[in-house]
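In my numbering, the protein residues as written are 3 to 254.
See below for the structure under consideration.
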Amino acid sequence: MDIRYRRPRGTRDVLLEEMERWRWCEERWREVLERYGFGEIRTPLIEPTDLFTRAVGSGTDIVDKEMYSFETKGGEQITLRPEATASVVRAYLENGLTRQPGTLKFYYLGPMFRYDRPQAGRYRQFHQLGVEAIGSPSPVLDAEVIRAGDVPVRRRRCPGPAGPGQHDRLSRVPARLRGGTEGPGRAGAHAEVPETCRARLEINPLRLFDCKVESCRELLGGVRPISEAVCGACRDHHAIAAGRRWPRWTWA
Numbered sequence: 003m004d005i006r007y008r009r010p011r012g013t014r015d016v017l018l019e020e021m022e023r024w025r026w027c028e029e030r031w032r033e034v035l036e037r038y039g040f041g042e043i044r045t046p047l048i049e050p051t052d053l054f055t056r057a058v059g060s061g062t063d064i065v066d067k068e069m070y071s072f073e074t075k076g077g078e079q080i081t082l083r084p085e086a087t088a089s090v091v092r093a094y095l096e097n098g099l100t101r102q103p104g105t106l107k108f109y110y111l112g113p114m115f116r117y118d119r120p121q122a123g124r125y126r127q128f129h130q131l132g133v134e135a136i137g138s139p140s141p142v143l144d145a146e147v148i149r150a151g152d153v154p155v156r157r158r159r160c161p162g163p164a165g166p167g168q169h170d171r172l173s174r175v176p177a178r179l180r181g182g183t184e185g186p187g188r189a190g191a192h193a194e195v196p197e198t199c200r201a202r203l204e205i206n207p208l209r210l211f212d213c214k215v216e217s218c219r220e221l222l223g224g225v226r227p228i229s230e231a232v233c234g235a236c237r238d239h240h241a242i243a244a245g246r247r248w249p250r251w252t253w254a
């Protein structure tokens, strides 16, 4: 049989029995997240390109290499969402939710799009479940997010994150580093550092730690880890959030 049309590279069809498993796990995730006070939010699959350029950051692989972007007939620059955090924050601001008291907790579930090299377990259209909590800097909230993600995995046998201890509150780190960029700064002074890495140094120095080029990795090899460079308050925050200093709570 001659099949004229095939699915685009990097996508897949979810059929019958597998779809039943998907639905079962999605229901378990919803049950747990809603028990923890998260409400579902649905945002458009398309957003203004500038939203991701500003929120995710220029100089990142997502923005520089992986976004599906196009210009509409009206001249708008539009992108298929590569992630959902920026969309949730945009919805939070645009709909006046800043006036709501207390902490707002959202969860989302749906397809995301990145022009990545297809390989096992990695697709150009992939499905992601995530949570966002806005309105509180408390490490207790971070711990709650970790626990909410852990329950379906351990008790319901659903795929998901690795569990407690794998959490980072990265938004707190860059502003409070004590010498955390000393490695990238030192690397930038060496001629063998590739031009792409020099560009990253100017835009986002911390991204140099992700570099796979051997010369960069050698230069950064002696740099102390970020965990030794953060301030005491950040270290305490992470210890509570990661479960090393949890109060005696009773979890569901």
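Backbone N, C-alpha and C fix where the C-beta goes; we use that ideal spot for every residue, glycine too.
None of these values were measured; they are calculated from a predicted model.
Distance between residue j and residue i (C-alpha atoms, nearest Å)
{"i": "Glu73", "j": "Ser229", "result": "43 Å"}
{"i": "Arg156", "j": "Arg30", "result": "12 Å"}
{"i": "Asn97", "j": "Met3", "result": "51 Å"}
{"i": "Asp144", "j": "Ile136", "result": "11 Å"}
{"i": "Met21", "j": "Tyr38", "result": "26 Å"}
{"i": "Glu68", "j": "Tyr117", "result": "4 Å"}
{"i": "Glu255", "j": "Thr105", "result": "Here the chain has residues from 3 to 254 only, and residue 255 is not among them."}
{"i": "Arg14", "j": "Arg8", "result": "10 Å"}
Collapsed DSSP secondary structure at residue i in the structure displayed
{"i": "Ala94", "result": "Checking the sequence, you will find Tyr at residue 94 rather than Ala. Helix at Tyr94."}
{"i": "Leu2", "result": "Here the chain comprises residues numbered 3 to 254, so residue 2 is not present and cannot be evaluated."}
{"i": "Ile148", "result": "helix"}
{"i": "Ala135", "result": "strand"}
{"i": "Arg156", "result": "helix"}
Beta bridge counterpart(s) of residue i as assigned by DSSP
{"i": "Ser71", "result": "Thr81"}
{"i": "Gln130", "result": "Gly112"}
{"i": "Gln102", "result": "Partner(s): none; Gln102 has no beta bridge."}
{"i": "Arg124", "result": "Gln121"}
CA nearest to the CA of residue i, picked from the options
{"i": "Ser140", "options": "Phe40, Arg9, Asp15 and His239", "result": "His239"}
{"i": "Glu42", "options": "Glu197, Gly132 and Val142", "result": "Gly132"}
{"i": "Pro10", "options": "Tyr125, Thr51 and Glu85", "result": "Tyr125"}
{"i": "Cys213", "options": "Ala235, Ala122, Pro113 and Thr62", "result": "Thr62"}
{"i": "Leu111", "options": "Asp15, Cys27, Arg226 and Gly234", "result": "Cys27"}
{"i": "Phe115", "options": "Leu47, Glu36, Trp24 and Arg159", "result": "Leu47"}
{"i": "Val215", "options": "Leu82, Glu197 and Ser89", "result": "Glu197"}
{"i": "Gly76", "options": "Ala122, Pro50 and Pro84", "result": "Pro50"}
Could you tell me which uninterrupted alpha helix (DSSP H) segments, each at least 4 residues in length, are contained entirely in the segment 193-247, listed from first to last along the chain? 197-205, 216-222 and 234-243
Please go through the segment 8-60 and give each complete alpha helix (DSSP H) segment of 4 or more residues, from N-terminal end onward. 18-37 and 51-57
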